[in-house]
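**Q** The structure follows.
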Amino acid sequence: MVKMVYALTRQKAFAQDFGLRDQIQRAAVSVSANIAEGFDCDSNAEFARFLGYARRSAVEVQALLYAALDAGYIAQAAFQAHYQQAEKVKALTSAFKRSLQER
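Structure, rendered in structure tokens:
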């Protein structure tokens with residue numbers, strides 16, 4: 012997701028909106044950073060907590076994609092592709108979190 016978001020935010024109009032660009036980039040990076048941080052935790056419960064943070068960061072990416080669409084920075088097709096990628100990340104992190112909580 013990070014690679015896709017960075018490619019998207021390099022587009023001219025999006026790149027010039029520093030606030031939105033930086034926020035969506037940080038949210039995308041936060042997904043993988045929280046997964047990595049959780050992996051280093053001492054318990055499954057703590058790891059699951061960080062997976063929840065990762066999922067919420069993916070939701071933030073989705074919200075910011077709506078803002079980019081509304082501002083005219085991205086086309087509907089790009090919005091759909093990126094939104095679906097974030098949906099996949101949400102589903103995977105949720106499933107992983109559930110599996111940790113069941114152990």
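Numbered per the working numbering, the sequence shown spans residues 12 to 114. Think of the CB as a built atom: it goes at the ideal place given N, C-alpha and C, for glycine as much as any other residue.
Within its chain, find whatever has a CB closer than 7 Å to the CB of L75; leave out the 5 residues flanking it on each side and keep chain order.
**A** Within the sequence shown, residue 75 is the residue found at index 64, counting from 1. Closer than 7 Å at Cβ, skipping near neighbours: L31, Q34, I35, A38.
**Q** If you check the beta carbons only, do Y94 and F25 fall under 8 Å apart?
**A** As a first step, residue 94 is located in the sequence shown; it is residue number 83 there, counting from the start. As a first step, residue 25 is located in the sequence shown; it is residue number 14 there, counting from the start. No, they are not a contact pair.
**Q** Round the Cβ separation of M15 and Q87 to the nearest angstrom and send it over; I've been treating them as touching at under 8 Å.
**A** The residue given as residue 15 occupies position 4 in the sequence shown. The residue given as residue 87 occupies position 76 in the sequence shown. Under the criterion of beta carbons closer than 8 Å, M15 and Q87 do not qualify as touching, at roughly 16 Å.
**Q** Which ranges would you report for the beta strand (DSSP E) in the stretch 65-107 if only whole runs of at least 3 residues count?
**A** none
**Q** Please say whether A65 and V42 have beta carbons closer to each other than 8 Å?
**A** Here residue 42 refers to the residue found at position 31 of the sequence shown. Here residue 65 refers to the residue found at position 54 of the sequence shown. In contact: V42 and A65 (Cβ atoms closer than 8 Å).
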